[in-house]
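Using the UniProt record's numbering, the first residue of the sequence shown is number 1, and each one after it goes up by one. From the three backbone atoms N, C-alpha and C, an ideal C-beta is built for every residue, glycine too. This structure is a prediction, so every number in the text was calculated from the model and none was measured. Below you'll find the structure, written out as structure tokens, and then a few comments.
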Amino acid sequence: MRTAPARRACAARLRSRTYKVVLGEYDLTVEEGPEQHIPIKPEDIFVNPGWKPGCVSCGSDIALLKLSHRPVLNDKVSLACLPPPDVVLPNEYPCYITGWGRISTGGPLPAKLQQASLPVVDYEHCSKPNWWGGSVRQSMICAGGDIRSGCNGDSGGPLNCQGVAGRWYVHGITSFVSALGCNTLKKPTVFTRVSAFNEWIQKVSCCLRPCPPLPLASRNVLMASRGPHQPCSALQLQISVFALPDCL
Numbered sequence: 001m002r003t004a005p006a007r008r009a010c011a012a013r014l015r016s017r018t019y020k021v022v023l024g025e026y027d028l029t030v031e032e033g034p035e036q037h038i039p040i041k042p043e044d045i046f047v048n049p050g051w052k053p054g055c056v057s058c059g060s061d062i063a064l065l066k067l068s069h070r071p072v073l074n075d076k077v078s079l080a081c082l083p084p085p086d087v088v089l090p091n092e093y094p095c096y097i098t099g100w101g102r103i104s105t106g107g108p109l110p111a112k113l114q115q116a117s118l119p120v121v122d123y124e125h126c127s128k129p130n131w132w133g134g135s136v137r138q139s140m141i142c143a144g145g146d147i148r149s150g151c152n153g154d155s156g157g158p159l160n161c162q163g164v165a166g167r168w169y170v171h172g173i174t175s176f177v178s179a180l181g182c183n184t185l186k187k188p189t190v191f192t193r194v195s196a197f198n199e200w201i202q203k204v205s206c207c208l209r210p211c212p213p214l215p216l217a218s219r220n221v222l223m224a225s226r227g228p229h230q231p232c233s234a235l236q237l238q239i240s241v242f243a244l245p246d247c248l
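Below you can see the structure in the form of structure tokens.
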């Protein structure tokens, strides 16, 4: 997935007044066929009220998008699940980051979507003084930082973790890395922890009027990845920023 013209989603850091979500994206240099271009109206961007521009470590680095029309779900555009409220993954739980961020600190931006395995670093370790200290909050989740990590350009991308029955859950949204370098020792990639914002997601989704139960096929949602994930019957979300049901 990407947004135009920036070519990527930036969580709550959305500034342009014209947006286009591209689903099924893989290689940014060519139009491969499965891409779906869906415009986003400025009034359909909902930034979390706790977000403070210029203070990424303050947290709440998350936004919701409402699609202007429904996407077509197929083997390249599929869904991921919203994790249960307040669930916290244990230390070293296996997860995956994807994005078009730099390959290394100061390195080139890739044309093709990248993926890396990032084990979870629990809050007890990540918040130690010689790790991230007070820069991380319990509404965040840390992962990687040993051999692989996120890098500049990955902001807004997902931390996908496999759960029950082989389903994939978006547990994190890439927020920040160390200014010392993308793979600095004891500075794992920091993500917004999605499960800390379930209540806000539901509130924004249904604040204008009650949301009636919708069949899965009728939900106005974004894709979660290019992979063949299991369908999810819970509130659906997109690879890096969330989509709203039709009730708005």
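Using the C-alpha atoms, what's the distance from residue j back to residue i?
i	j	result
Cys95	Ala165	16 Å
Val88	Gly99	23 Å
Leu64	Val77	19 Å
Gly24	Arg137	33 Å
Leu82	Tyr169	6 Å
Phe46	Phe176	20 Å
Asn48	Asp146	31 Å
Val204	Ile62	12 Å
His108	Cys206	His is not the amino acid found at residue 108; the sequence shown has Pro there. Rounded to the nearest angstrom, the two C-alpha atoms are 41 Å apart.
His171	Leu113	19 Å
Trp132	His37	38 Å
Ser127	Gln202	29 Å
Cys142	Gly54	20 Å
Ala224	Gly156	Confidence in Ala224 is poor, its pLDDT being 32 and thus under 50, which makes the residue's placement unreliable; the coordinate value appears in the next sentence. C-alpha separation (whole angstroms): 13 Å.
In the DSSP assignment, find the alpha helix (DSSP H) that holds residue i and state where it starts and stops.
i	result
residue 249	Nothing about residue 249 can be read from this structure; the chain reaches only from 1 to 248.
In chain order, what residues of the same chain lie with their CB nearer than 6 Å to the CB of residue i, ignoring the 5 residues before and after it?
i	result
Asn198	Pro85
Ser57	Ser135
Thr29	Ala111
Lys52	Cys58
Gly144	Leu118, Pro188 and Thr189
Tyr93	Val120
Gly163	Tyr169
Taking the alpha-carbon of residue i as reference, which of the options has the nearest alpha-carbon?
i	options	result
Pro34	Cys161, Asn74 and Ser127	Asn74
Ser195	Leu185, Leu109, Asn160 and Leu180	Asn160
Pro110	Gly172, Gly101 and Met140	Gly101
Asn130	Thr184, Tyr26, Ile103 and Asp154	Thr184
Asp154	Arg17, Ile147 and Cys182	Cys182
Thr174	Glu32, Val72, Leu118 and Ile38	Leu118
Glu43	Pro53, Ile62, Leu28 and Arg17	Arg17
Thr192	Pro158, Gly144 and Cys206	Pro158
Trp200	Ser139, Gly107 and Ser104	Ser139
Leu180	Thr105, Ser127 and Gly150	Thr105
residue 250	Ala80, Cys55 and Gly54	Because the chain here runs from 1 to 248, residue 250 falls outside it and cannot be looked at.
Cys151	Cys126, Tyr93 and Ile103	Ile103
Mind checking which residues open and close the beta strand (DSSP E) that includes residue i?
i	result
Val88	Unbroken run through Val88: none, as it is neither H nor E.
Pro94	Pro94 to Gly99
Arg193	Thr189 to Arg193
Pro39	Gln36 to Ile40
Lys52	Per DSSP, Lys52 belongs to no beta strand (DSSP E) and is neither H nor E.
Val21	Tyr19 to Leu23
Leu65	Ala63 to Leu65
So, for residue i: in the same chain, excluding its five sequence neighbours on each side, which residues have a beta-carbon less than 8 Å away from its beta-carbon?
i	result
Pro90	Val120 and Asp122
Ile40	Thr3, Tyr19, Lys20, Val21, Leu65, Lys66, Leu67 and Ser68
Gln115	Tyr96, Ile97 and Thr98
residue 249	Here the chain covers residues 1 to 248 and nothing more, so residue 249 does not appear.
Glu124	Asn91
Once the 5 residues before and after residue i are set aside, which same chain residues still bring their CB inside 7 Å of it?
i	result
Ser178	Thr184 and Lys187
Glu32	Tyr26
Val72	Gln36
Using a beta-carbon distance below 9 Å, is residue i in contact with chain D?
i	result
His125	The structure shown contains no chain D, having only a single protein chain.
| query | In the region 102-178, which residue ranges form an unbroken alpha helix (DSSP H) of at least 4 residues, counting only runs that do not cross its ends? | reply | 123-126
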